[in-house]
Amino acid sequence: MTEKCPNGTMPRELTVGEVAERSGVAVSTLHFYETKGLIHSQRNRGNQRRYPRSILRRVAVIKVAQRTGIPLSEIADALSVLPHDRPLTIQDWRNLSETWRGQLDERIARLTKLRNQLDGCIGCGCLSMQECPLRNPWDTLGEEGPGPRLLEP
Ligand code: FES
2 MTEKCPNGTM
12 PRELTVGEVA
22 ERSGVAVSTL
32 HFYETKGLIH
42 SQRNRGNQRR
52 YPRSILRRVA
62 VIKVAQRTGI
72 PLSEIADALS
82 VLPHDRPLTI
92 QDWRNLSETW
102 RGQLDERIAR
112 LTKLRNQLDG
122 CIGCGCLSMQ
132 ECPLRNPWDT
142 LGEEGPGPRL
152 LEP
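Take the sequence shown: its letter number 124 is residue 125 in the working numbering, and every next letter is one higher.
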């Protein structure tokens, strides 16, 4: 349970346990995020991690992005350009979500194509380099014939 400051206000900084409790993310996951540079903490005099309250919004963004399948490394890249000393703004989230929406559309299109190609493999089992679109999906040179097409014109 979070202790209030003597003046009745909420503390400016949170412990890792408080961040975990409020964000619904395990302490171990928060530590992992920190090792990956997604979030930052400061150490207090007792060498314990303390997080600014703005961390909660950042963790929420990370969770949402992960749910859409964005790799953690890409989330880290996107967040790396945003300052850690202020909460993410609505505009920050708009920009991030627009970028990720485009990536999500691409991923959906790629997976849909893959699913459609898989339809042709069901009941086949050949896994042929020449015939199977999943075995050799980008073999455009293969359409010109067998062998090392670039080396033997
Ligand atoms: S397994 Fe035969 S076409 Fe894919």
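Glycine included, each C-beta is placed from N, C-alpha and C at the ideal position. Being a predicted model, the structure only gives us computed values, none of them experimental.
If one requires a minimum length of 3 residues, the beta strand (DSSP E) runs lying completely within the segment 12–100 are 50–53, in chain order. Distance from Arg50 to Val17 at the Cβ level is roughly 5 Å; contact confirmed, criterion being Cβ atoms closer than 8 Å. The C-alpha of Arg108 is placed about 27 Å away from the C-alpha of Cys127.
Under the three-state reduction of DSSP, Glu132 is assigned to coil, being neither helix nor strand.
Residue state for Asn137 is assigned as coil, using DSSP reduced to three classes. DSSP places Cys127 in the coil class of the three-state scheme, outside both helix and strand.
A Cβ-Cβ separation of about 6 Å places Tyr52 in contact with Glu14 under the 8 Å criterion. In this structure, the straight-line span from the alpha carbon of Thr36 to that of Gln92 is close to 26 Å. Glu22 has its alpha-carbon roughly 46 Å from the corresponding atom of Arg136. Taking 7 Å as the cut-off, the C-beta of Glu132 counts as close to a heavy atom of ligand 1.
Non-local beta-carbon contacts of Leu89 in its own chain, meaning distances under 7 Å to residues more than five positions away in sequence, involve Arg58, Arg59, Val62, Leu83 in chain order.
Per the coordinates, the alpha-carbon of Trp94 lies some 18 Å from the alpha-carbon of Asp106. Apart from the 5 residues on each side of it in sequence, Arg54 sits with its Cβ closer than 7 Å to the Cβ of Arg13, Leu15 in its chain, given in chain order.
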